[in-house]
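Counting the sequence shown from 1 gives a position; our numbering is that position plus 4.
The beta-carbon is built from N, C-alpha and C at its ideal position, and this holds for glycine as well.
Scroll down for the structure; my scribbles are underneath it.
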Amino acid sequence: MVSAPPRPGSEKTSDTSDEMRTLRRATKVAAERRAAGGRALSQSRGRAMDLSTRIAVYLANEERQRERSRDLYELDPVTGYVYARAKEFYWTVTRAAGIAQRSGPAPAKAPDFAGFAPLMKRPRVFIDMTAIRRTDERSGIQRVVREIARCAVATGDGLPVFIENGRLRAWRRPSSLPDVVKPEPGDKLLLLDASFPLVDDYLPIISRVADAGGETVLGLHDLLPLLYPGAFTPAAFLDFQRWFETLAPQCNAIVCVSRSTAQSLVDHLAQSDCPAMRAQRIGWWRLGADFEIDSAQPSADAAGVAAGRTPYFLAVGTLEPRKAYAVALTAFERLWAAGHDARFVIVGRRGWRCEALVRRIRSHHELGRRLFWLEDADDASLQRLYEHAHALIAASFAEGFGLPVAEAAAHGLPVIASDIPVFREIAGERATFFPPLDADALADCIRRALTEPRLRTPARVVTWRESTQALLDMIRTGAYQWRPAPLTEPRPFAPVCVASAAAS
Numbered sequence: 005m006v007s008a009p010p011r012p013g014s015e016k017t018s019d020t021s022d023e024m025r026t027l028r029r030a031t032k033v034a035a036e037r038r039a040a041g042g043r044a045l046s047q048s049r050g051r052a053m054d055l056s057t058r059i060a061v062y063l064a065n066e067e068r069q070r071e072r073s074r075d076l077y078e079l080d081p082v083t084g085y086v087y088a089r090a091k092e093f094y095w096t097v098t099r100a101a102g103i104a105q106r107s108g109p110a111p112a113k114a115p116d117f118a119g120f121a122p123l124m125k126r127p128r129v130f131i132d133m134t135a136i137r138r139t140d141e142r143s144g145i146q147r148v149v150r151e152i153a154r155c156a157v158a159t160g161d162g163l164p165v166f167i168e169n170g171r172l173r174a175w176r177r178p179s180s181l182p183d184v185v186k187p188e189p190g191d192k193l194l195l196l197d198a199s200f201p202l203v204d205d206y207l208p209i210i211s212r213v214a215d216a217g218g219e220t221v222l223g224l225h226d227l228l229p230l231l232y233p234g235a236f237t238p239a240a241f242l243d244f245q246r247w248f249e250t251l252a253p254q255c256n257a258i259v260c261v262s263r264s265t266a267q268s269l270v271d272h273l274a275q276s277d278c279p280a281m282r283a284q285r286i287g288w289w290r291l292g293a294d295f296e297i298d299s300a301q302p303s304a305d306a307a308g309v310a311a312g313r314t315p316y317f318l319a320v321g322t323l324e325p326r327k328a329y330a331v332a333l334t335a336f337e338r339l340w341a342a343g344h345d346a347r348f349v350i351v352g353r354r355g356w357r358c359e360a361l362v363r364r365i366r367s368h369h370e371l372g373r374r375l376f377w378l379e380d381a382d383d384a385s386l387q388r389l390y391e392h393a394h395a396l397i398a399a400s401f402a403e404g405f406g407l408p409v410a411e412a413a414a415h416g417l418p419v420i421a422s423d424i425p426v427f428r429e430i431a432g433e434r435a436t437f438f439p440p441l442d443a444d445a446l447a448d449c450i451r452r453a454l455t456e457p458r459l460r461t462p463a464r465v466v467t468w469r470e471s472t473q474a475l476l477d478m479i480r481t482g483a484y485q486w487r488p489a490p491l492t493e494p495r496p497f498a499p500v501c502v503a504s505a506a507a508s
């Protein structure tokens with residue numbers, strides 16, 4: 005007699021898999037590192053440990069909510085078993101996405117690089133856009149890559165490239181450049197895209213650039229999967245871990261999107277057993293925050309929200325645990341219960357580990373009245389929302405940069421932000437800060453903001469063209485802010501110093 009498949013509630017595949025066990029060990033190691041390692045710029049040791057504890061408790065509670073939500077909506081045993089197997093298959097397939105995509109047509113359209121200027125400056129800088137070419141998810145990272153590439157080609161400072169069949173190819177090349185790009189002495193290859201599952205594609209390219217006398221520079225948007233593994237899926241953590249620990253030692257420098265991220269990297273590498281990692285040159289630059297003004301019109305949903313008379317507070321970013329949307333929603337629920345009339349507008353796509361939050365939003369009695377969720381807002385819609393919001397809410401407990409904070413400043417929008425180093429760096433005195441993950445403190449900040457007039461004093465922000473120029477100048481000149489002593493032995497080319505968290 006054939007036994008029935010196990011019930012999904014009893015099997016708990018996601019909890020007992022090798023990936024989840026690795027994730028738990030990685031979370032423990034990351035917490036120990038944060039407690040023993042270097043502290044962030046503006047935090048004392050005691051305060052940082054207290055925040056680490058709050059984050060751990062918050063993530064554990066979010067996971068319990070996610071499990072409870074799954075149990076409430078539990079499927080019948082057969083369907084649940086099939087779903088569990090399908091999820092495992094999905095993780096396996098996404099891990100091998102690079103192989104599958106190499107054999108098929110690229111789904112992404114070419115970016116709009118109007119006014120393509122010839123690549124005149126030397127040394128040449130090539131901006132990798134392989135991940136966008138294969139699967140354009142329109143994520144925050146990919147938005148940065150698009151803006152940097154757009155500005156680089158407009159001035160002739162850089163050329164977008166992608167990997168296909170083991171070769172670098174120019175994307176929207178000028179007529180003076182062949183389709184296949186052959187590295188030359190002095191060339192710089194910038195790996196700025198979210199290429200985490202594509203490690204095997206990059207190793208031979210990095211080797212080829214090095215053999216030709218060029219350099220590869222790794223772009224780092226954050227280290228958060230290594231610092232807070234519990235805020236990510238097991239597959240995302242393992243992909244990022246392999247990407248970082250394999251590619252970082254092979255690259256000639258690492259450039260970070262903020263000083264805070266660079267400091268986190270310096271602290272992290274100081275604990276590394278790998279000489280190539282500890283001797284890495286590290287630089288940082290500031291992202292742009294200006295919008296391209298065009299004739300596009302905002303969506304009807306965005307225009308309707310912006311036209312309402314009740315003041316609204318805007319939060320921008322993917323729905324995921326570290327953004328702390330659940331904390332922000334709790335703060336608004338307490339304000340609504342106390343009789344305060346304000347709207348909460350969330351702009352961001354559904355991310356990961358957010359099932360309970362999504363159900364909470366979609367079943368909320370204030371949805372469509374004082375709670376709004378816009379999943380696919382374009383730039384025109386986002387700009388309209390920035391223009392009419394009362395303030396921006398940035399509740400994340402960790403960020404690599406915090407682009408919405410900079411964009412809010414460009415629109416003269418007040419910011420209410422969690423008190424973390426990168427938000428201090430980006431917002432400075434323009435923001436009102438509250439302790440991370442403290443819903444009561446956030447509610448108090450919103451309550452005070454409601455009593456203040458809505459003033460508009462746009463700040464002078466870095467433009468994307470200025471950001472691009474600063475980044476490419478740093479790469480060309482090698483003017484990185486951290487320059488450790490050089491290695492006594494030549495940098496080896498091979499996946500070196502890769503130690504998985506499972507072995508820790």
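Put simply, the backbone Cα of SER400 is about 42 Å away from that of ASP215.
In this structure the segment 343-360 does not touch the segment 262-278; the number of beta carbon pairs closer than 8 Å is below three.
Excluding its 5 nearest sequence neighbours in each direction, ILE365 has C-beta neighbours in its own chain below 6 Å: TRP377, listed in chain order.
By the Cβ-count criterion, GLN301 is exposed, with fewer than 16 other Cβ atoms from all chains shown falling within 10 Å of its own Cβ. For ARG347, there is no enclosing alpha helix (DSSP H); the enclosing beta strand (DSSP E) has its first and last residue at 347-351. Separation of THR139 and GLN146 (C-alpha to C-alpha, rounded to the nearest whole angstrom) is 10 Å. Between LYS192 and GLU151, the C-beta spacing is not below 8 Å. Runs of beta strand (DSSP E) with 3 or more residues, each lying fully within the segment 271-299, are found at 285-288, listed in chain order. Rounded to whole angstroms, ALA174 and LEU196 show a C-alpha spacing of 16 Å. Across the set ARG434, ALA252 and PRO164, the C-alpha of ARG434 shows the shortest separation from the C-alpha of LEU396. Per DSSP, the unbroken alpha helix (DSSP H) holding CYS155 starts and ends at 144-159.
Following the DSSP letters along the chain, one finds VAL129 inside the beta strand (DSSP E) bounded by residues 129-132.
Short of 6 Å from the beta carbon of THR436, and not among the five residues preceding or following it, lie these beta carbons of its own chain, in chain order: ILE420 and CYS449.
The Cβ neighbour count for SER367, taken over all protein chains shown within 10 Å, is under 16; the residue is labelled exposed. Just so you know, the alpha carbons of GLU188 and VAL213 end up roughly 7 Å apart. The segment 249-267 and the segment 326-343 do not touch, with fewer than three beta-carbon pairs separated by less than 8 Å. Exposed is the label assigned to ASN169, since fewer than 16 other Cβ atoms lie within 10 Å of its Cβ.
Sorting GLY223, LEU417, ARG126 and GLU249 by C-alpha distance to the C-alpha of PHE317 places LEU417 at the top.
Comparing C-alpha distances from ILE59 to each of VAL331, LEU446, TRP486 and PHE427 shows the shortest one belongs to VAL331.
As DSSP reads the structure, LYS186 sits in no beta bridge. The DSSP-derived three-state label of LYS125 is coil. The alpha-carbon of SER56 is positioned some 10 Å away from that of PRO440.
Counting C-beta atoms within 10 angstroms of its own C-beta, THR472 has 16 or more neighbours from the protein chains shown and is therefore classed as buried.
Our two residues, GLY308 and LYS186, have alpha carbons roughly 51 Å apart in a direct line. Secondary structure at CYS255: coil, using DSSP grouped into helix, strand and coil. For PRO229, the enclosing alpha helix (DSSP H) stretches over residues 228-231. Taking the Cα of ILE258 as reference, the smallest distance to any Cα among GLU391, ALA240, ALA280 and PHE241 is reached at ALA280. When secondary structure is reduced to three states using DSSP, LEU195 falls in the strand class. CA-to-CA, the gap between LEU375 and ARG347 works out to about 6 Å.
DSSP, reduced to helix, strand and coil, places SER471 within a helical segment of the structure shown. Here GLN387 is buried. Its C-beta has 16 or more other C-beta atoms within 10 Å.
Counting only unbroken stretches of 4 or more residues, the alpha helix (DSSP H) elements lying wholly within the segment 433-482 are 443-454 and 468-481, in sequence order. For the pair THR322 and GLY355, the CB atoms are nearer than the 8 Å cut-off. About 11 Å separates the beta carbon of ILE209 from that of LEU251, a gap too long to meet the 8 Å contact definition. Judged by their CB atoms, ILE136 and ALA156 are not nearer to each other than the 8 Å cut-off. Listed as beta-bridge partners of PRO164 by DSSP are ILE131.
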